[in-house]
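Read the structure below first, then the notes.
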Amino acid sequence: GESVGLHLPTLSVQEGDNSIINCAYSNSASDYFIWYKQESGKGPQFIIDIRSNMDKRQGQRVTVLLNKTVKHLSLQIAATQPGDSAVYFCAENIGGSGNTGKLIFGQGTTLQVKP
Amino acid sequence: KAGVTQTPRYLIKTRGQQVTLSCSPISGHRSVSWYQQTPGQGLQFLFEYFSETQRNKGNFPGRFSGRQFSNSRSEMNVSTLELGDSALYLCASRSGTGANYGYTFGSGTRLTVV
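Chains as they are written, first to last, in the working numbering: chain A, -13 to 101; chain B, 84 to 197.
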């Protein structure tokens, strides 16, 4: 079935280092991808998104890379800070137009930042 | 701009009862989606409403239903509650038209079924 999978359940990094969180997706029709951050007791918070006609997008300290050939998505966080500690989810939008409102989420990766 | 508001934040219900959860989207957003989050299954799509019509539905039993009002506020209902329905229920809103893809989530309603 449709799935978005994350390669590592937990990632531990030193403060100041760069973090890379990976994600595999399976639906070729997905046209839009989002990374979310979720802290304990809160809902998912939007980090960055990318459309399928792009392969890279940069935000503030974050970069998302999309490789449609191997159906792979990654989130890079530069100079990781303690406040970055959270669970990170990738999500794909199912539907050609991007207007279906249905996201398929990966299982999540816990990012732990050591001071 | 106010975010997505979900009420109540916490609920405890008994098996067999029914429950109604509420979601107020960001002003101007016409699309509201609902998700169930559990440790075992992660985040799973329940349904999406746009302009008072259900536009998409996930793979959940008919005990899960929803509706949307003319002001875009949405409710979801779960009837005949089971222990496995214990979860964090999240709603997300977005414009729902054109190329505006951004989904904003609320903080969720934590439902515990005992």
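Heads up, the beta-carbon is just placed ideally off N, CA and C, and yes, glycines get one too. Treat the numbers as computed from the prediction; the structure is a model and nothing was measured.
Neighbourhood of residue i by C-beta, 7 Å cutoff - its chain only, sequence neighbours within 5 removed
i                      : result
residue 40 of chain A  : 52
residue 168 of chain B : 161, 194 and 196
residue 1 of chain A   : 66, 67, 68, 99, 100 and 101
residue 127 of chain B : 118, 119 and 141
residue 176 of chain B : 87, 108, 109, 112, 114, 115 and 187
residue 139 of chain B : 130 and 131
residue 151 of chain B : 115, 132, 135 and 157
residue 185 of chain B : 177
residue 166 of chain B : 98 and 196
residue 14 of chain A  : none
Cβ shell of residue i (< 6 Å), same chain only, five flanking positions each side left out
i                      : result
residue 19 of chain A  : 36, 59 and 78
residue 7 of chain A   : 61, 74 and 95
residue 66 of chain A  : -1, 3, 5 and 99
residue 143 of chain B : 129
residue 104 of chain B : 159, 172 and 192
residue 121 of chain B : 170
residue 23 of chain A  : 31, 33, 72 and 74
Residue i: first and last residue of the uninterrupted beta strand (DSSP E) it sits in
i                      : result
residue 52 of chain A  : 48 to 53
residue 95 of chain A  : 95 to 100
residue 157 of chain B : 157 to 161
residue 172 of chain B : 170 to 177
residue 72 of chain A  : 72 to 79
residue 91 of chain A  : 89 to 91
residue 56 of chain A  : Element bounds for residue 56 of chain A: n/a, residue is neither H nor E.
residue 197 of chain B : Segment: none, residue 197 of chain B is in no beta strand (DSSP E) and carries neither H nor E.
residue -4 of chain A  : -4 to 0
residue 66 of chain A  : Unbroken run through residue 66 of chain A: none, as it is neither H nor E.
residue 127 of chain B : 125 to 133
residue 143 of chain B : Premise fails: residue 143 of chain B is in no beta strand (DSSP E) and is neither H nor E.
residue 152 of chain B : Taken as a continuous stretch (DSSP letters only), residue 152 of chain B belongs to no beta strand (DSSP E), as it is neither H nor E.
Cβ neighbours of residue i in the same chain (closer than 8 Å, five flanking residues each side left out)
i                      : result
residue 101 of chain B : 160, 161, 162, 163 and 164
residue 89 of chain A  : 20, 77, 78, 79 and 80
residue 149 of chain B : 117, 129, 130, 132, 137, 157, 158, 159 and 160
residue 153 of chain B : 135
Exercise. If contact means a Cβ-Cβ distance below 8 Å, which residues of the region 10 to 30 of chain A contact chain B?
Worked result: If the cut-off is 8 Å between Cβ atoms, the region 10 to 30 of chain A has 18, 20, 22, 27, 28, 29 and 30 near chain B.
For this session: Name, going along the chain, the residues of the region 43 to 73 of chain A whose beta-carbon falls closer than 9 Å to a beta-carbon of chain B.
Result: Flagged: no residues at all.
For this session: Can you check the region 86 to 116 of chain B for any beta strand (DSSP E) of at least 3 residues that lies completely inside it and give the ranges in chain order?
Result: 88 to 90, 93 to 96 and 102 to 107
Problem set entry | Touching by the beta-carbon criterion (3+ pairs, under 8 Å), the region 110 to 118 of chain B and the region 155 to 162 of chain B | These segments touch.
Exercise. Between the region 45 to 60 of chain A and the region 90 to 100 of chain B, do at least 3 Cβ pairs fall closer than 8 Å?
Worked result: no
For this session: Would you check if the region 67 to 77 of chain A and the region 92 to 99 of chain A touch, i.e. whether three or more CB-CB distances between them fall below 8 Å?
Result: Three or more Cβ pairs closer than 8 Å define a contact, and the region 92 to 99 of chain A meets that threshold against the region 67 to 77 of chain A.
For this session: Tell me the start and end of each unbroken beta strand (DSSP E) in the region 7 to 51 of chain A that is at least 3 residues and wholly inside, in chain order.
Result: 18 to 24, 31 to 37 and 42 to 44
Exercise. Mind listing which residues of the region -8 to 6 of chain A have their C-beta closer than 7 Å to chain E's C-betas, in chain order?
Worked result: The chain labelled as chain E is not found among the protein chains of the depicted structure, namely A and B.
Problem set entry | Contact residues within the region 183 to 195 of chain B, judged by C-beta distance below 8 Å to chain A | 184, 185, 186, 187, 188, 189, 190 and 191
Problem set entry | Where the region 125 to 139 of chain B meets chain A: residues whose CB sits under 9 Å from a CB there | 125, 126, 127, 128, 130, 131, 132, 133, 138 and 139
Exercise. Which residues, in order along the region 163 to 176 of chain B, keep a beta-carbon less than 9 Å from a beta-carbon of chain A?
Worked result: If the cut-off is 9 Å between Cβ atoms, the region 163 to 176 of chain B has 171, 173, 174 and 175 near chain A.
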